[in-house]
Amino acid sequence: MINKNLVLILFFLVCTESLFSEYPFKPVSPYPSEYKQFWFLYQSEKRLGEEEQIFRPFFSTYKETKSNYRYDTFLFPIYYSEKTDYWRVWSFLFFVSGTETYHDDLGWDEDTLSPLLIWGKGETARESYFGFFPLFGRLRGKASYSELNFTLFPLYSNWKYKNYNAHGILWPLVMWGGSEVRNDLRILPFYSHKIHKGKYERYSILWPFIQWGSINEDKREPFTYKMFWPLYLAKDSEFGNMKARAFLWFPIFGSLFSYGYDKRTHEKDLNILFFIFQYGQNDDEDYRKLILFPFYGYYRFAYKETRFFTPFYFRLSTDSYHLKSSETYFIPFWWRTNRTYVQWGREENYYKLWPLFRWHEDREGNLTWNLLSLFPIKSELVERIWDPVWSIIEYQKLSNGEKRLSFLMRLYTQRWNEEELHIHVPLLVEYSSTPEKTSYQFLYGLFGLEKNKDKTTVQIFWWIRL
14 MINKNLVLIL
24 FFLVCTESLF
34 SEYPFKPVSP
44 YPSEYKQFWF
54 LYQSEKRLGE
64 EEQIFRPFFS
74 TYKETKSNYR
84 YDTFLFPIYY
94 SEKTDYWRVW
104 SFLFFVSGTE
114 TYHDDLGWDE
124 DTLSPLLIWG
134 KGETARESYF
144 GFFPLFGRLR
154 GKASYSELNF
164 TLFPLYSNWK
174 YKNYNAHGIL
184 WPLVMWGGSE
194 VRNDLRILPF
204 YSHKIHKGKY
214 ERYSILWPFI
224 QWGSINEDKR
234 EPFTYKMFWP
244 LYLAKDSEFG
254 NMKARAFLWF
264 PIFGSLFSYG
274 YDKRTHEKDL
284 NILFFIFQYG
294 QNDDEDYRKL
304 ILFPFYGYYR
314 FAYKETRFFT
324 PFYFRLSTDS
334 YHLKSSETYF
344 IPFWWRTNRT
354 YVQWGREENY
364 YKLWPLFRWH
374 EDREGNLTWN
384 LLSLFPIKSE
394 LVERIWDPVW
404 SIIEYQKLSN
414 GEKRLSFLMR
424 LYTQRWNEEE
434 LHIHVPLLVE
444 YSSTPEKTSY
454 QFLYGLFGLE
464 KNKDKTTVQI
474 FWWIRL
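Heads up: the sequence shown begins at 14 in the working numbering, then just goes up one per residue.
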């Protein structure tokens with residue numbers, strides 16, 4: 014259960030980021046920018062090869078011309094899409110999603126998945142499919158199967174993989190299928206068998222109470238197992254190198270008492286009082302686990318390590334050839350992330366004291382911090398779109414040398430570098446000072462003044478220039 018919870022928490026932490034690519038969704042190049050804004054409602058920025066517009070909080074778009082990449086959002090996280098010349102993805106509430114991929118030999122294929130309506134298409138009729146769950150449907154190339162069919166699901170279903178063909182009636186109660194090497198039959202709860210010649214044999218009677226079989230028959234040391242659920246589970250290897258036992262076992266909760274070992278990998282596991290106490294180690298896979306729930310937990314596998322103190326405080330670390338990271342979460346108040354991209358020689362640092370403060374220094378060298386950040390988890394895209402709506406102070410130090418400072422939901426904003434200064438007060442004043450000229454605009458051009466080396470120009474009623 015602990016491992017499952019960790020996976021869910023980690024997914025929740027990242028689910029609001031771009032899930033499908035490593036492309037940026039904001040201008041990051043070191044070139045000078047052409048920037049415009051109106052209060053927190055509108056923001057536009059152009060750099061060489063990049064362009065962004067945000068109509069906050071409704072719509073945003075980012076374009077990068079080198080790879081012809083584009084990222085769009087509408088009331089994010091309600092909807093987003095990203096695309097290049099070779100692929101496209103979109104998502105509605107991460108619940109309905111679509112993907113398109115371009116193949117040089119076949120052209121575009123398209124897939125759309127939702128709880129009810131499912132469809133996809135390719136260059137040929139064979140690659141196209143459609144479904145309206147649970148009435149009727151045919152899917153191709155999904156869930157590791159070449160084809161999935163259903164009619165009035167779960168009344169009837171059919172699935173195929175290579176030479177394997179299976180059918181189900183009132184799935185999962187009745188199922189049968191097979192190929193030259195496989196033979197499957199299931200009539201729950203009375204009897205079932207799954208046989209793959211040379212790989213495994215699995216049997217059950219009065220499922221889930223009585224189960225037995227053998228697995229890894231094509232490996233160096235096969236295993237046999239038997240289960241008299243929920244009282245007793247046993248698993249043994251053919252030559253006695255591996256043994257595991259569990260007593261009073263339940264799904265999700267685990268077992269009242271269980272233990273196991275594997276002499277070949279030097280693995281040992283012990284669980285007491287279901288998920289309350291867990292211990293494990295494996296020298297070959299650099300695996301360690303010690304959990305005393307809910308007070309303390311430690312889990313390590315290869316180059317990844319996790320600790321928790323109470324269910325609210327987590328520390329995660331990664332130490333690999335490509336990435337070194339350290340992350341701390343005190344849910345929901347404190348979030349800290351440090352990542353070092355070894356091959357690039359770049360770092361990323363992120364801090365959030367929710368709901369008061371956020372600090373982010375990305376791997377491109379852009380620094381951003383603001384007071385009031387109401388979204389309770391890390392999501393740079395959500396924060397970029399929504400934080401200006403309620404920020405008291407915002408500060409940015411960008412990779413192109415520009416700095417930006419705003420107060421009170423951008424009622425006052427100034428931008429500057431070594432040569433320029435720009436000040437924005439919505440509806441009242443726009444001030445700009447560059448080496449070429451100095452200009453003032455009041456009420457967005459109702460009255461203005463512009464001075465350069467040669468002359469001074471007065472603007473009246475937006476279009477009159479004197």
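For every residue, glycine included, the Cβ atom is placed at its ideal position computed from N, Cα and C.
Pair within 8 Å by beta-carbon distance, residue i and residue j
{"i": "Ala315", "j": "Asp299", "result": "yes"}
{"i": "Thr97", "j": "Tyr75", "result": "no"}
{"i": "Phe288", "j": "Phe306", "result": "yes"}
{"i": "His373", "j": "Glu393", "result": "yes"}
{"i": "His206", "j": "Tyr216", "result": "yes"}
{"i": "Pro128", "j": "Leu106", "result": "no"}
{"i": "Thr78", "j": "Gly62", "result": "yes"}
{"i": "Glu463", "j": "Ser446", "result": "no"}
{"i": "Phe149", "j": "Thr125", "result": "no"}
{"i": "Ile390", "j": "Arg69", "result": "no"}
{"i": "Leu385", "j": "Ile405", "result": "yes"}
{"i": "Tyr245", "j": "Phe222", "result": "no"}
{"i": "Glu160", "j": "Lys173", "result": "yes"}
{"i": "Trp103", "j": "Ser94", "result": "yes"}
{"i": "Trp225", "j": "Lys248", "result": "no"}
Simplified DSSP assignment, three categories, for residue i
{"i": "Phe474", "result": "coil"}
{"i": "Lys468", "result": "coil"}
{"i": "Asp299", "result": "coil"}
{"i": "Tyr2", "result": "Here the chain has residues from 14 to 479 only, and residue 2 is not among them."}
{"i": "Tyr457", "result": "helix"}
{"i": "Phe370", "result": "strand"}
{"i": "Arg233", "result": "coil"}
{"i": "Ile289", "result": "coil"}
{"i": "Ile304", "result": "strand"}
{"i": "Trp495", "result": "The structure shown does not extend to residue 495, since the chain spans only 14 to 479, so no value can be given for it."}
{"i": "Asp375", "result": "coil"}
{"i": "Arg277", "result": "coil"}
{"i": "Glu463", "result": "strand"}
{"i": "Thr3", "result": "Missing from the structure shown is residue 3; the chain here goes from 14 to 479 and no further."}
{"i": "Gln294", "result": "strand"}
{"i": "Tyr44", "result": "coil"}
{"i": "Glu433", "result": "coil"}
{"i": "Gly267", "result": "strand"}
Element boundaries [beta strand (DSSP E), containing residue i]
{"i": "Asp332", "result": "Tyr326 to Asp332"}
{"i": "Phe420", "result": "Lys416 to Phe420"}
{"i": "Gln427", "result": "Tyr425 to Trp429"}
{"i": "Ile67", "result": "Glu63 to Phe68"}
{"i": "Gly226", "result": "Ile223 to Ile228"}
{"i": "Thr350", "result": "Trp347 to Tyr354"}
{"i": "Ser412", "result": "No beta strand (DSSP E) contains Ser412, which DSSP labels as neither H nor E."}
{"i": "Phe87", "result": "Tyr82 to Phe87"}
{"i": "Lys59", "result": "Tyr55 to Arg60"}
{"i": "Asn484", "result": "Residue 484 lies beyond the stretch modelled for the chain, which goes from 14 to 479, so this question has no answer here."}
{"i": "Thr381", "result": "Leu380 to Leu384"}
Span of the alpha helix (DSSP H) around residue i
{"i": "Asp400", "result": "Glu393 to Trp403"}
Cβ neighbours of residue i in the same chain (closer than 6 Å, five flanking residues each side left out)
{"i": "Gly273", "result": "Ala257 and Asp282"}
{"i": "Leu21", "result": "Residue placement at Leu21 cannot be trusted, given a pLDDT of 38 that sits under 50; what the coordinates show is reported in the next sentence. Result list for Leu21: empty, nothing under 6 Å."}
{"i": "Arg301", "result": "Gln294 and Arg313"}
{"i": "Asn379", "result": "Leu411 and Ser412"}
{"i": "Arg328", "result": "Arg320 and Thr341"}
{"i": "Asp467", "result": "none"}
{"i": "Arg417", "result": "Gln409 and Arg428"}
{"i": "Met255", "result": "Asp275"}
{"i": "Gly414", "result": "Asn430"}
Interface flag, residue i vs chain B, CB-CB below 8 Å
{"i": "Glu193", "result": "Within the model displayed, chain B is absent; a lone protein chain is all it includes."}
Same chain only: Cβ atoms within 7 Å of residue i, ignoring 5 sequence neighbours per side
{"i": "Tyr142", "result": "Trp132, Gly133, Arg151, Leu152 and Arg153"}
{"i": "Asn18", "result": "With a pLDDT of 42 at Asn18, under the threshold of 50, the modelled position of this residue cannot be trusted; read the value that follows with caution. So no residue of the chain qualifies."}
{"i": "His11", "result": "Here the chain covers residues 14 to 479 and nothing more, so residue 11 does not appear."}
{"i": "Asn231", "result": "Sequence check: residue 231 is Asp here, not Asn. Gly211 and Lys212."}
{"i": "Leu198", "result": "Trp189, Ser205 and His206"}
{"i": "Ile486", "result": "Because the chain here runs from 14 to 479, residue 486 falls outside it and cannot be looked at."}
Distance cut-off 7 Å: residue i Cβ against heavy atoms of the ligand NAP
{"i": "Phe287", "result": "No copy of the ligand NAP appears in this structure; indeed no ligand is present at all."}
Close-in-space but distant-in-sequence residues of the same chain around residue i (CB under 8 Å, 5 per side omitted)
{"i": "Arg376", "result": "Arg352, Tyr354, Trp357, Arg359, Glu360 and Glu361"}
{"i": "Gly144", "result": "Leu130, Ile131, Trp132, Gly150, Arg151, Leu152 and Phe163"}
{"i": "Leu336", "result": "Arg352, Thr353, Tyr354 and Val355"}
### Task
Taking only runs that begin and end inside the segment 101–178, name each unbroken beta strand (DSSP E) of 3 or more residues, in chain order.
109–116, 120–126, 130–134, 142–145, 149–155, 158–164 and 169–174
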